[in-house]
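Residue numbers (UniProt numbering), protein chains in the order written: chain A, 1 to 307; chain B, 1 to 307; chain C, 1 to 307; chain D, 1 to 307; chain E, 1 to 307. All residues carry an ideal CB built from backbone N, CA and C; glycine is no exception. Remarks on the structure that follows.
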């Protein structure tokens, strides 16, 4: 996630890093070449009837508007739903921590409360690693006792197993009379919410926008941009390449942003800052437990990117 | 569901399999023929006043934009709602499994916990078969004891009856003191969620988008594409067939994708991978029960299709 | 609801029954007449300056796009919400039936369980009759004991009174120790859901889209269609009537579908098949109770219409 | 709320009352005057280069489409949310009434049940008066015992205080053993819903659409309508005033409807019929209590307006 | 938040304060200068082929419509979600206050009820200060006892710690038998809601719309406005600067409003009136406790701005 400080409107016009421009630059050069060819050979092609009117492009533009509008809004919705799920993870972790402190009859400094809290943090880190397909072991060993970390590091769905562990704590507290059955149920409901969050993230990760859409949208954009100079050259003359590249830039950049937001759990500049959220969860839970020295918050790296 | 690995933007332009192109190829050829006829006889038809302006098509395009935008978004919403319901099925199955393990006083390896877990898997498979109108018997006999499987295989709404069976387990545990009434209620709430999921899927399956829409949209698209060459031939000349086919491709492909996503429970390439989700549920529940040898995950078949 | 089997794309173009065409045919003929008059007298009117450009219509089209897009999506949302409410009715009836069987200590064949189940079915039928303003008595007398049916048949809000009756059963079971208070509450929560469903349907029935919208949209469409030939005749010549009728067809048909879906509880072809859903509820509840002979499912009547 | 019976499509074209036309008639006359001036002096102005093309207006139309589409949908959403909240009020009042009758051990004709039911009705009426800034005293004195009505009539947030009173009944019943704690909680959850409804209505009432939007949209519409004749006069000639007024009518009427629906709690023709809903709540609760003589339902007044 | 009283439609056209005009005035002057240069040198530039057609701009306008429509609706949704969260805060604070009064066995004037109520108010103020990055100390010291205020004023996530304090009250009441476990759970559920509200606001504050969008939209708007005079000068002549500035005004103002609403917790005129909502919460809770002298409601300051 890019966390740029507010930029003056004039400098924003010339932003390079963090904008989508570098990624699509080669393709824009290709479109520029086509446009230059059309402008240069304009005089010769007229004999062959290879002209197109702007009107034809406004008809194609209709389909393009539907495609890009849909592509954009559905990708952004996925991004924002993912963000909401991670926001809910922070909320639920805090709620469970608060409930563990106020609902059980354990003293505030009891070891089991500490272990429970560590498991909550481990859930967040494990989900992060599952979604990004990275190695969870360093975080598991850091947060959990060695045997448990070892046991968890070989399973397939680690967050599910962490929830089973959390439920075991509740179950033991319930059977030994440390928590009333009603309050057990109430905390278990929050475990259900954590399960919802895990399932929601897995759904976003494993189900991209249907493949047929991607092909159709991609093809329409490129076909449109390649043919565009033929339609503009009559009315725009030598400015044809400029306008063509400008239009191509807007469409390609939009498609590029959308396909980047579609799968928001990666390491690209516009993806969600899962590491920073995990750290926030860790810091917030520690503070609620009364710790005064907290690990530092994640800070944006070069180019204002927070990952 | 097609699970293509990321394809280079250039190769994506020429994708054939998995794109919607093969399905609509004959109709595009029909449109192409019309366009060729118009171009060839252009000189002769002018005498009869059979010309149309591009402007007229932008007026029709207005209705088309509303129709296709609506068709597309309502179909995709149905698809995505169906996906959410199946994601929720995975979540709820896990939650019920976790609750059965932590809330009852049964030892972890008790036979009834095993049977309960098998019933949860059977629910997923039975719903899959109901929605796809396939034969559920092989999965029922594989997962459940013979008499129960036999009894279930003749009823009309199998998932409902599986829920009744699951409720019977909870009821017996409750009456024999193996689970507190509060926790019974809490697990029963998750059975309600499973019932919601079943009902939601049935709703999507039995209620397509109103028939009058399909007729109206279909008719507008074809009428538009057939008339289009008359409107373009003046300004586009010999390029008329190319532009006509391109525009027809975008509209027909969009309608085709939309009507494919409208009923997302079939076996078409863009439908949901229900079999794979059922297998994921099976694997996840087995792992939570401590099984170490899991059945293999479903892998995409030829053309990257996961069903 | 029309439940057409999939139709070949070519035959779909010429569908008459079930399409909206018959309803708007007279008005299309009126528009056609206007267009013919304009084409025939075109030569004479030019002297009076009665020409319009296509451009002016694209400006009006802007407002039309907003109106029709809004009209269409808000009507469809009402239709789909109504469908969801009736889907939820099926789900909740099943859940209450399952809970009555597993949560009470009554034997499975107890008369009160039977009566409770009949009341659930009566709720669905009574709501159906209330929404369609039809006579509920035949269904009430069929499903309920005579005195109760007689008592209910004279009240104003029958479904509310059925809920009071259902709550009485729960109350009696609770006071006689046949159900724990927790489980009473849990079943009562599902009664609340039934109340939500009733209220939601009543809201859709009694609150149409604001009247000022209907007037505004209606007026804009007709004004647009009547003036359209003046704008097309210059560029489309003798094809003007064809294009005018085609455009008028798309707009009027869309408005007609939308106003039909706006109030989805009637008997029109595109309305919801409430009778069929009531029958499904009846069949599903009977099957859950162990009945093996079920009343037949509703089948589509002539023209594939299910009501 | 206007509850027009279905009107024949032809007569709908000439509706005057209940349409938005009277409200914007003077402004349309102003636009008409401008258009007439432009047409009359057209010959003279050409020398000064004061011509505009239709194309320029389609560019401005782009912004207008975004503004009006947004304005319309956000206002309608507010209207529909308000309607949902009042629908939920009816639902919750019924549920609480049903619960009071089935969950407490009080006999059906106990005075406290009567008072509880009266308080529920008073909640609806008090909220109605708060939202419409009218005097609640007549309804309070009608429904409640004199001392309570007097006490409530001087507070600032009457519905909140009615909820406190309702909670007091529950609290007393709970402490005197007339209701189990579980069922107390269950009824209290419905009080929370009533609180949600109150808060939701207050939010809609106190937070209009941001002021900057209103200014921007308003200004764009009027600027557009005043300049429009300059763009149309070349291509539409003497029909310019007709087309200008028609376009201005669609835009101004839409803005007018939207700003009327934005604050749906007033007494304008398109506002919600809060009085009628309050009466429905009163009738429904009385019927559930077994009353056979109900106060008459609200009927639409002149011009089919229900308030 | 600007709470303008209804303004006459004619005066609204000339509103300056509270409109977005002052903020973008310099940029509009820049656009005006470009347009004037183009008009003045129009005769000379024609020789160089530097003309553009309006048609080209309608193609670019397509992308602009998608961008601005998306930008506007996503920003407004964030604004409205934030408003809903603060509305829910008022609702939940009232509910908790009501529950504390009716569910505990404490007398109505007990000191702990007073402290609990003060903590609820402190939660609202602390969240306000966290979101606006202002100093919470004056409000904390005003509402809470000195030691607690001092302890809270140094932590990082103050609202979380206030929730821990609120939970401590519930926990103590529960352990000393002043509240039943069921009712404890019920109030704790409302604490969870407060946690949801906090988390939702934090999410909106820390996650702006992806940076790449801002760059892309900003760039497209400015490029469009700078090039626009070249496209209009042929058809609009001396009116080119007027039309250009008018179009630029609509686009820039819309972008400006959207980026203002995107982060709705600041002190700009269109931001939410958090101070006023906090005061409403304070007043409402005090009234429910029976206080008769309430602190004054926040009134709009100069220019009708409520902050």
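Give the single residue among the options whose Cα lies nearest to the Cα of residue i.
{"i": "residue 217 of chain E", "options": "E:235, E:70, E:54 and E:236", "result": "E:70"}
{"i": "residue 163 of chain D", "options": "D:279, D:28, D:132 and D:117", "result": "D:117"}
{"i": "residue 214 of chain E", "options": "A:180, A:198, A:253 and A:237", "result": "A:253"}
{"i": "residue 145 of chain C", "options": "C:86, C:237, C:12 and C:114", "result": "C:114"}
{"i": "residue 292 of chain B", "options": "B:300, B:282 and B:301", "result": "B:282"}
{"i": "residue 81 of chain B", "options": "B:286, B:238 and B:203", "result": "B:203"}
{"i": "residue 129 of chain E", "options": "E:108, E:99 and E:152", "result": "E:152"}
{"i": "residue 23 of chain A", "options": "B:29, B:9 and B:14", "result": "B:9"}
{"i": "residue 308 of chain E", "options": "E:92, E:269, E:286 and E:94", "result": "Since the displayed chain E opens at 1 and closes at 307, residue 308 of chain E lies outside it and no answer follows."}
{"i": "residue 176 of chain C", "options": "D:111, D:143 and D:105", "result": "D:105"}
{"i": "residue 230 of chain E", "options": "E:13, E:25, E:30 and E:52", "result": "E:52"}
{"i": "residue 172 of chain D", "options": "D:136, D:112, D:127 and D:198", "result": "D:112"}
{"i": "residue 2 of chain B", "options": "B:279, B:294, B:67 and B:267", "result": "B:267"}
{"i": "residue 169 of chain E", "options": "A:38, A:99 and A:44", "result": "A:99"}
{"i": "residue 295 of chain E", "options": "E:284, E:107 and E:25", "result": "E:284"}
Quick one, are the C-beta atoms of residue i and residue j less than 8 Å apart?
{"i": "residue 121 of chain C", "j": "residue 288 of chain C", "result": "no"}
{"i": "residue 201 of chain C", "j": "residue 131 of chain C", "result": "yes"}
{"i": "residue 63 of chain A", "j": "residue 134 of chain B", "result": "no"}
{"i": "residue 141 of chain E", "j": "residue 149 of chain E", "result": "yes"}
{"i": "residue 103 of chain A", "j": "residue 179 of chain A", "result": "yes"}
{"i": "residue 94 of chain A", "j": "residue 160 of chain E", "result": "yes"}
{"i": "residue 165 of chain B", "j": "residue 119 of chain B", "result": "yes"}
{"i": "residue 58 of chain B", "j": "residue 85 of chain A", "result": "no"}
{"i": "residue 72 of chain E", "j": "residue 212 of chain E", "result": "no"}
{"i": "residue 261 of chain B", "j": "residue 78 of chain B", "result": "yes"}
{"i": "residue 55 of chain A", "j": "residue 54 of chain B", "result": "yes"}
{"i": "residue 125 of chain D", "j": "residue 236 of chain D", "result": "no"}
Could you spell out the range, first to last residue, of the alpha helix (DSSP H) harbouring residue i?
{"i": "residue 16 of chain E", "result": "Counting along the chain, residue 16 of chain E falls outside any alpha helix (DSSP H), and DSSP gives it neither H nor E."}
{"i": "residue 298 of chain A", "result": "Careful: residue 298 of chain A lies outside any alpha helix (DSSP H) and carries neither H nor E."}
{"i": "residue 255 of chain C", "result": "240-262"}
{"i": "residue 279 of chain B", "result": "274-288"}
{"i": "residue 306 of chain D", "result": "Counting along the chain, residue 306 of chain D falls outside any alpha helix (DSSP H), and DSSP gives it neither H nor E."}
{"i": "residue 10 of chain C", "result": "9-12"}
{"i": "residue 151 of chain D", "result": "146-152"}
Practice task
Would you be able to state if there are at least three C-beta pairs under 8 Å between the stretch 203-218 of chain A and the stretch 259-274 of chain B?
Solution key: yes
Practice task
Could you tell me whether the stretch 236-255 of chain A touches the stretch 32-39 of chain A, where touching means 3 or more Cβ pairs closer than 8 Å?
Solution key: Pairwise C-beta distances place the stretch 236-255 of chain A in contact with the stretch 32-39 of chain A, as three or more of them are shorter than 8 Å.
Exercise for the section: Output the residue ranges of the alpha helix (DSSP H) runs that lie fully inside the stretch 98-139 of chain E and measure 4 residues or longer, sorted by chain position. Expected result: 111-132
Practice task
Tell me the start and end of each unbroken alpha helix (DSSP H) in the stretch 158-218 of chain D that is at least 4 residues and wholly inside, in chain order.
Solution key: Counting only runs of at least 4 residues, the stretch 158-218 of chain D fully encloses the following alpha helix (DSSP H) elements, listed from N- to C-terminal order: 158-175 and 181-206.
Exercise for the section: Check whether the stretch 180-194 of chain B touches the stretch 221-229 of chain C, taking contact to mean three or more Cβ pairs, one atom from each stretch, closer than 8 Å. Expected result: no
Practice task
Mind listing, in chain order, the continuous alpha helix (DSSP H) runs of no fewer than 4 residues lying wholly within the stretch 26-59 of chain D?
Solution key: Taking only runs of at least 4 residues, the alpha helix (DSSP H) segments lying wholly in the stretch 26-59 of chain D are 42-45.
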